[in-house]
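Undergrad: One structure is given below, represented as structure tokens, and several questions about it will come after.
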Amino acid sequence: MQYIPNIIFLLLLIVGVGYFTFNIKKVIRNIKLGLPVSVSDKGQRWANVGRIAIGQSKMVVRPVSGAMHIIVYLGFIIINIEVLEIIIDGLFGTHRIFSSYLGSFYGVLIGTFEILALLVLVSVIVFWIRRNIIKLKRFMSPEMKGWPKNDGNAILYFEMVLMSLFLIMNATDVHFQEMDNGNVISQYIASWFSGTSEGTLHIIERASWWIHITGILIFLNYLYFSKHLHIMLAFPNVFFGRVTPKGQFKNNEAVTKEVKMMMDPNIDPFAAPPAGEEQAVPAKFGASDVMDLTQVQLLNAYTCTECGRCTSECPANITGKKLSPRKIMMDTRDRLEEVGKNLDANKGVFVPDNKQLLGDYISEEELWACTSCNACVEACPVSIDPLSIIMEMRQYLVMEKSAAPNELNVTMTNIENNGAPWPFNQQDRLNWKNE
Amino acid sequence: MAEYMAQGKQPEVLFWVGCAGSFDDRAKKITKAFVKLLHNAGVDFAVLGTEESCTGDPAKRAGNEFLFQMQAATNIEVMNAYEVKKVVTACPHCFNTIQNEYPQLGGNYEVMHHTQFLKSLMNEGRLKVEGGKFKGKRITFHDPCYLGRANGEYEAPRDLLRKLEVELVEMKRCKTKGLCCGAGGAQMFKEAEPGTKEINIERTQEAIEVKPEVIAAGCPFCNTMMTDGVKGENKEDEIEVMDVAEMIASAADL
Numbered sequence: 001m002q003y004i005p006n007i008i009f010l011l012l013l014i015v016g017v018g019y020f021t022f023n024i025k026k027v028i029r030n031i032k033l034g035l036p037v038s039v040s041d042k043g044q045r046w047a048n049v050g051r052i053a054i055g056q057s058k059m060v061v062r063p064v065s066g067a068m069h070i071i072v073y074l075g076f077i078i079i080n081i082e083v084l085e086i087i088i089d090g091l092f093g094t095h096r097i098f099s100s101y102l103g104s105f106y107g108v109l110i111g112t113f114e115i116l117a118l119l120v121l122v123s124v125i126v127f128w129i130r131r132n133i134i135k136l137k138r139f140m141s142p143e144m145k146g147w148p149k150n151d152g153n154a155i156l157y158f159e160m161v162l163m164s165l166f167l168i169m170n171a172t173d174v175h176f177q178e179m180d181n182g183n184v185i186s187q188y189i190a191s192w193f194s195g196t197s198e199g200t201l202h203i204i205e206r207a208s209w210w211i212h213i214t215g216i217l218i219f220l221n222y223l224y225f226s227k228h229l230h231i232m233l234a235f236p237n238v239f240f241g242r243v244t245p246k247g248q249f250k251n252n253e254a255v256t257k258e259v260k261m262m263m264d265p266n267i268d269p270f271a272a273p274p275a276g277e278e279q280a281v282p283a284k285f286g287a288s289d290v291m292d293l294t295q296v297q298l299l300n301a302y303t304c305t306e307c308g309r310c311t312s313e314c315p316a317n318i319t320g321k322k323l324s325p326r327k328i329m330m331d332t333r334d335r336l337e338e339v340g341k342n343l344d345a346n347k348g349v350f351v352p353d354n355k356q357l358l359g360d361y362i363s364e365e366e367l368w369a370c371t372s373c374n375a376c377v378e379a380c381p382v383s384i385d386p387l388s389i390i391m392e393m394r395q396y397l398v399m400e401k402s403a404a405p406n407e408l409n410v411t412m413t414n415i416e417n418n419g420a421p422w423p424f425n426q427q428d429r430l431n432w433k434n435e
Numbered sequence: 001m002a003e004y005m006a007q008g009k010q011p012e013v014l015f016w017v018g019c020a021g022s023f024d025d026r027a028k029k030i031t032k033a034f035v036k037l038l039h040n041a042g043v044d045f046a047v048l049g050t051e052e053s054c055t056g057d058p059a060k061r062a063g064n065e066f067l068f069q070m071q072a073a074t075n076i077e078v079m080n081a082y083e084v085k086k087v088v089t090a091c092p093h094c095f096n097t098i099q100n101e102y103p104q105l106g107g108n109y110e111v112m113h114h115t116q117f118l119k120s121l122m123n124e125g126r127l128k129v130e131g132g133k134f135k136g137k138r139i140t141f142h143d144p145c146y147l148g149r150a151n152g153e154y155e156a157p158r159d160l161l162r163k164l165e166v167e168l169v170e171m172k173r174c175k176t177k178g179l180c181c182g183a184g185g186a187q188m189f190k191e192a193e194p195g196t197k198e199i200n201i202e203r204t205q206e207a208i209e210v211k212p213e214v215i216a217a218g219c220p221f222c223n224t225m226m227t228d229g230v231k232g233e234n235k236e237d238e239i240e241v242m243d244v245a246e247m248i249a250s251a252a253d254l
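Keeping their order, the protein sequence lines are chains Y and B.
Going by our numbering, the first sequence opens with residue 1, and the numbers climb by one from there.
Going by our numbering, the second sequence opens with residue 1, and the numbers climb by one from there.
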């Protein structure tokens with residue numbers, strides 16, 4: 001009988017971690033629906049992970065939210081050491097196992113956790129105020145109505161509750177308060193409970209402990225359903241992020257092959273494919289759905305935490321156009337999830353649903369509003385590239401559907417015929433010399 | 001370039017004029033100013049003239065990869081035939097495309113934006129400009145997206161302006177955060193999508209806020225957009241929009 005709490009804890013842990021793993025496997029499967037990418041420049045990539053992901057270098061471009069994010073980020077990483085202790089205690093029925101091994105250093109450790117917990121609590125409250133009272137513009141965009149808004153707030157409530165429980169747990173732990181080492185914050189909270197009997201305190205402490213660890217496991221599982229996967233995916237995402245100049249857009253190899261064939265006088269355009277070789281269906285140009293995007297672009301979609309820094313820097317969005325780079329990422333993820341659910345429902349085979357990313361999620365109007373200025377790419381703190389998706393979808397529109405705006409068709413005809421976007425004769429190119 | 005080839009000579013650099021620099025009346029002035037500076041510095045340069053064709057930048061950004069690669073293949077063929085090693089251009093779009101997108105298609109050249117090239121000429125002491133008519137004037141520089149964010153060059157144009165001893169003032173959004181003029185991604189050649197404002201007006205208003213006498217640009221398309229913006233705000237009598245090369249040429253009274 002005495003092992004019941006341990007068994008309950010073990011079951012809780014298995015269910016919590018198990019269901020999370022189940023969902024993460026889905027994320028990985030969905031990302032793999034994208035086109036594979038080859039990765040070079042590993043040195044540069046690891047340096048980016050160090051600087052941008054671990055070092056948060058792009059977060060601090062905006063000092064206020066950047067500083068507070070660093071607090072929450074450090075809090076998350078450092079306070080997780082405490083979770084390790086909680087897990088060991090829970091499994092083996094010990095109480096604050098680290099305290100007996102670490103001696104006075106334990107106080108330093110817990111003291112740090114407590115200070116961080118308080119700072120995180122304050123930061124999260126400020127974050128909530130920015131979203132709900134100050135109503136910062138980037139959290140008020142059309143794509144942030146409904147679920148995305150509630151999701152953002154839910155995460156903040158989670159953190160508020162978890163941090164409070166951590167502090168209350170420490171404050172009501174009579175032994176810990178008697179040790180009087182590391183209770184830098186909780187000693188003040190303990191004084192609120194001064195009239196309470198030791199028995200009641202013990203109940204509050206146990207309850208906080210259980211709710212705290214249950215909360216952590218629920219939060220872990222909530223990640224998959226929320227926009228919050230960035231706390232894990234930010235690192236691989238930055239690793240796979242762009243290492244070439246932002247102005248270098250992807251080269252379409254299939255087109256290169258075709259252009260080379262056109263330019264080679266020795267190629268017989270009517271040649272039959274070599275015997276025995278199966279005739280592959282030509283790949284489509286550009287992207288109309290998530291399966292046409294690369295695995296990195298799909299990872300981008302899962303990583304996006306909807307902070308909206310991209311959208312707030314986008315010249316099209318600033319001037320009232322429909323385009324919002326954040327929405328491009330949110331749509332990509334929503335469509336990918338839809339495709340994933342389709343796979344789940346049909347035993348792993350995708351059954352066409354007459355829907356696609358283009359049109360059903362992202363409109364042509366949004367795509368044509370982009371100036372390709374790279375402001376969104378520059379602004380993203382975790383190296384997401386919404387521009388590459390926009391460009392691939394434009395390529396699909398033009399090369400598969402011939403659906404460019406008419407003025408652009410005229411421009412392209414001019415380039416084709418005159419070698420310039422305007423209707424001037426190529427022979428007049430040097431006229432400026434004599435004018 | 002053909003003349004050089006016929007004489008069996010190689011110029012120091014190929015000046016890639018670009019479509020705007022060749023045909024747009026405003027941008028032709030930039031071309032001429034830059035040529036004056038090249039002559040002044042004694043640079044042995046050539047142009048492709050009628051053999052130059054659009055780099056394909058607007059086609060690629062508009063989604064027509066096929067047209068882009070056809071343009072690229074043609075241009076690369078011409079440049080490789082002339083054994084071009086080094087290219088300089090006054091257009092950040094041409095600069096970006098030739099530098100970043102041609103190598104995969106077989107075109108490998110050392111490419112410089114004209115502000116980078118002028119800076120190197122000054123560093124080598126071949127081009128000497130100090131002060132001049134812009135000395136002490138309030139100037140703000142508008143970063144072209146394809147020079148700045150796309151290729152990380154923010155300082156070359158500013159260094160040149162400092163050489164002119166101007167009072168360089170920065171707009172609220174500058175360098176990595178610089179706001180686009182609204183022309184990139186083939187937007188130059190189409191109407192904007194419905195919205196509340198034109199991008200060039202937003203950017204021009206931002207420039208006007210810092211009360212410059214000249215808005216300096218480094219791109220013929222930005223130049224057009226900002227010039228239109230200044231006219232739209234009825235400020236054309238107070239604020240000039242000039243390319244950095246034009247400023248240097250006119251400061252040195254060339």
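Yeah, the Cβ is synthetic: ideal placement off N, Cα and C, and Gly gets one too.
In this text, all values refer to a predicted model and were calculated from it rather than measured experimentally.
1) Near residue 112 (chain B), what residues of its chain come up, given a Cβ to Cβ distance below 6 Å and the 5 sequence neighbours on each side ignored?
2) Given a cut-off of 7 Å, decide if residue 76 (chain B) and residue 105 (chain B) are closer than it, judged by their beta-carbon atoms.
3) Give me the residue from Y:247, Y:106, Y:168 and Y:157 with the minimum Cα distance to residue 146 (chain B).
4) Can you list the residues of chain Y that residue 196 (chain B) reaches, using a CB-CB cut of under 8 Å?
5) Less than 8 Å between the CB atoms is what I'm expecting for residue 323 (chain Y) and residue 16 (chain Y), so what's the real figure, rounded?
6) May I ask you to report which of helix, strand or coil DSSP gives residue 350 (chain Y)?
7) Between residue 56 (chain B) and the rest of its own chain, which residues show a CB-CB distance below 6 Å, the 5 nearest in sequence each way excluded?
8) Taking residue 361 (chain Y) as the reference, give the member of Y:371, Y:372, Y:378 and Y:327 with the closest Cα.
9) Might you give, ordered along the chain, the residues of its own chain that have their beta carbon closer than 7 Å to the beta carbon of residue 115 (chain B), omitting 5 neighbours on each side?
10) Helix, strand or coil for residue 35 (chain Y) per DSSP?
11) Pull up the distance between the alpha-carbon of residue 434 (chain Y) and that of residue 428 (chain Y), whole angstroms please.
12) For a contact meaning CB atoms closer than 9 Å, what does residue 149 (chain B) contact in chain Y?
13) Step through the CB atoms of chain Y and report whether any lies within less than 7 Å of the CB of residue 199 (chain B).
14) Do you know offhand how far residue 319 (chain Y)'s Cα is from residue 195 (chain B)'s?
15) Find the residues of chain Y that neighbour residue 54 (chain B), judging by a C-beta separation of less than 7 Å, and give them in chain order.
16) Rounded to whole angstroms, what's the CA-CA distance from residue 117 (chain Y) to residue 70 (chain Y)? Just pull it up for me.
17) On a Cα-Cα basis, can you pick out the residue from B:153, B:179 and B:10 that is closest to residue 43 (chain B)?
18) Would you call the segment 201-220 of chain B in contact with the segment 127-140 of chain B, where contact means no fewer than 3 C-beta pairs closer than 8 Å?
19) Does the distance from the C-beta atom of residue 236 (chain Y) to that of residue 100 (chain B) stay below 7 Å?
20) Run the CB neighbour count on residue 377 (chain Y), radius 10 Å, all protein chains shown included, and call it buried at 16 or more, exposed below.
21) What is the rounded straight-line gap between the Cα of residue 152 (chain Y) and the Cα of residue 227 (chain Y)?
22) Tell me which same chain residues have a C-beta within less than 6 Å of the C-beta of residue 180 (chain Y), skipping the five on either side of it?
23) Assuming residue 33 (chain Y) contacts residue 339 (chain Y) (C-beta within less than 8 Å), just tell me the rounded distance between them.
24) According to DSSP, is residue 215 (chain B) part of a helix, a strand, or is it coil?
25) Let me know the alpha helix (DSSP H) ranges lying completely inside the segment 353-410 of chain Y, each 4 residues or longer, listed in chain order.
26) So, is the C-beta of residue 223 (chain B) closer than 7 Å to a C-beta in chain Y?
27) What ranges does the beta strand (DSSP E) occupy inside the segment 100-168 of chain B, keeping only unbroken runs of at least 3 residues that lie completely in it?
28) Mapping DSSP to helix, strand and coil, what is residue 35 (chain B)?
29) Do three or more CB pairs link the segment 58-66 of chain B to the segment 25-35 of chain B at distances below 8 Å?
30) Kindly give me the distance between the Cβ atoms of residue 238 (chain Y) and residue 53 (chain Y), rounded to whole angstroms, as I take these residues to be in contact under 8 Å.
31) At 7 Å on the CB atoms, spell out the chain B contacts of residue 252 (chain Y), in chain order.
32) I'd like to know if residue 79 (chain B) contacts chain Y, where contact means its C-beta is closer than 7 Å to some C-beta of that chain.
33) Out of Y:267, Y:183 and Y:200, state which residue places its alpha-carbon closest to the alpha-carbon of residue 104 (chain Y).
34) Report yes or no: is there a C-beta of chain B within less than 7 Å of the C-beta of residue 143 (chain Y)?
35) If you count every other CB in all the chains shown that lies within 10 Å of the CB of residue 191 (chain Y), and 16 or more means buried, which is it?
36) Can you find the residues in the same chain that come closer than 6 Å, C-beta to C-beta, to residue 88 (chain Y), ignoring five residues on each side of it along the sequence?
TA: Let's see:
1) Working through the second sequence from its first residue, we reach residue 112 (chain B) at position 112. Excluding sequence positions up to five before and after residue 112 (chain B), its CB lies within less than 6 Å of the CB of 88, all in the same chain and listed in chain order.
2) The sequence position of residue 105 (chain B) within the second sequence is 105, counting from 1. The sequence position of residue 76 (chain B) within the second sequence is 76, counting from 1. If you check the CB distance, residue 105 (chain B) and residue 76 (chain B) come in under 7 Å.
3) Looking up residue 146 (chain B) in the second sequence gives position 146. With distances taken between Cα atoms, residue 146 (chain B) lies closest to Y:247.
4) The residue given as residue 196 (chain B) occupies position 196 in the second sequence. Within chain Y, the residues near residue 196 (chain B) are 319 and 320.
5) Counting from one through the first sequence, the residue named residue 323 (chain Y) turns up at place 323. Counting from one through the first sequence, the residue named residue 16 (chain Y) turns up at place 16. In fact, because the Cβ distance is near 40 Å, the residues do not count as touching under 8 Å.
6) Here residue 350 (chain Y) is taken as the residue at index 350 of the first sequence, counted from 1. Look at residue 350 (chain Y) here: in three-state DSSP terms it is coil, with no helix or strand label.
7) One-based indexing of the second sequence puts residue 56 (chain B) at position 56. Here residue 56 (chain B) has 68, 71 and 72 as same chain residues with Cβ atoms under 6 Å from its own Cβ, once five neighbours each way along the sequence are excluded.
8) As a first step, residue 361 (chain Y) is located in the first sequence; it is residue number 361 there, counting from the start. Cα-wise, what sits closest to residue 361 (chain Y) is Y:327.
9) As a first step, residue 115 (chain B) is located in the second sequence; it is residue number 115 there, counting from the start. Closer than 7 Å at Cβ, skipping near neighbours: 156, 157, 160, 218 and 244.
10) Counting from one through the first sequence, the residue named residue 35 (chain Y) turns up at place 35. Residue state, collapsed to three classes: strand.
11) Counting from 1 along the first sequence, the entry for residue 434 (chain Y) is found at position 434. Counting from 1 along the first sequence, the entry for residue 428 (chain Y) is found at position 428. C-alpha separation (whole angstroms): 11 Å.
12) Translated into positions along the second sequence, residue 149 (chain B) becomes position 149. Within chain Y, the residues near residue 149 (chain B) are 246, 247, 373, 374, 375, 377 and 378.
13) On the second sequence, position 199 is the one that residue 199 (chain B) refers to. By this cut-off, residue 199 (chain B) is an interface position.
14) Locating residue 319 (chain Y) in the first sequence gives position 319, counting from the first residue. Locating residue 195 (chain B) in the second sequence gives position 195, counting from the first residue. Put simply, the backbone Cα of residue 319 (chain Y) is about 6 Å away from that of residue 195 (chain B).
15) The sequence position of residue 54 (chain B) within the second sequence is 54, counting from 1. Among the residues of chain Y, those whose CB is under 7 Å from the CB of residue 54 (chain B) are 415, 419, 420 and 421, following chain order.
16) What you label residue 117 (chain Y) is simply residue 117 of the first sequence in a count that begins at 1. What you label residue 70 (chain Y) is simply residue 70 of the first sequence in a count that begins at 1. The straight-line gap from Cα to Cα measures roughly 13 Å.
17) Stepping through the second sequence from its first residue, residue 43 (chain B) is reached at position 43. Distance from the Cα of residue 43 (chain B) is smallest, within the candidate group B:153, B:179 and B:10, for B:10.
18) They touch, by the three-pair rule.
19) One-based indexing of the first sequence puts residue 236 (chain Y) at position 236. One-based indexing of the second sequence puts residue 100 (chain B) at position 100. No Cβ-Cβ contact shorter than 7 Å links residue 236 (chain Y) with residue 100 (chain B).
20) The residue given as residue 377 (chain Y) occupies position 377 in the first sequence. With 16 or more Cβ atoms within 10 Å of its Cβ, residue 377 (chain Y) is classed as buried.
21) For the purposes of this step, residue 152 (chain Y) is taken as the residue at position 152 of the first sequence. For the purposes of this step, residue 227 (chain Y) is taken as the residue at position 227 of the first sequence. Rounded to whole angstroms, the separation of the alpha carbons of residue 227 (chain Y) and residue 152 (chain Y) is 8 Å.
22) Reading the first sequence from its first residue, position 180 is the one you call residue 180 (chain Y). Contacts found: none.
23) Stepping through the first sequence from its first residue, residue 33 (chain Y) is reached at position 33. Stepping through the first sequence from its first residue, residue 339 (chain Y) is reached at position 339. Contact holds; Cβ gap of about 7 Å.
24) In the second sequence, the residue the question calls residue 215 (chain B) occupies position 215. Three-state result, residue 215 (chain B): strand.
25) You should have 357-360, 364-368, 375-379 and 386-399.
26) Position 223 of the second sequence, counted from the start, is the residue given in the question as residue 223 (chain B). No - not a single Cβ of chain Y is within 7 Å of the one on residue 223 (chain B).
27) For the beta strand (DSSP E) assignment, the uninterrupted runs of no fewer than 3 residues enclosed by the segment 100-168 of chain B are, from N- to C-terminal side, 110-113 and 138-141.
28) For the purposes of this step, residue 35 (chain B) is taken as the residue at position 35 of the second sequence. Helix, per DSSP.
29) The way I'd put it, the segment 58-66 of chain B doesn't touch the segment 25-35 of chain B; fewer than three beta-carbon pairs between them come closer than 8 Å.
30) To locate residue 238 (chain Y), count along the first sequence from 1; it is residue 238. To locate residue 53 (chain Y), count along the first sequence from 1; it is residue 53. About 4 Å; that satisfies the 8 Å criterion.
31) By 1-based counting over the first sequence, the position of residue 252 (chain Y) is 252. One finds 65 in chain B with Cβ atoms closer than 7 Å to the Cβ of residue 252 (chain Y), taken in chain order.
32) Here residue 79 (chain B) refers to the residue found at position 79 when the second sequence is read from its first residue. No, its Cβ sits nowhere closer than 7 Å to a Cβ of chain Y.
33) Counted from its first residue, the first sequence places residue 104 (chain Y) at position 104. Taking only the C-alpha atoms, the option nearest residue 104 (chain Y) is Y:183.
34) By one-based count along the first sequence, residue 143 (chain Y) stands at place 143. It does not: the Cβ of residue 143 (chain Y) has no partner Cβ on chain B nearer than 7 Å.
35) Reading the first sequence from its first residue, position 191 is the one you call residue 191 (chain Y). Exposed is the label assigned to residue 191 (chain Y), since fewer than 16 other Cβ atoms lie within 10 Å of its Cβ.
36) For the purposes of this step, residue 88 (chain Y) is taken as residue 88 along the first sequence, with counting starting at 1. Excluding sequence neighbours, residue 88 (chain Y) sits near 97.
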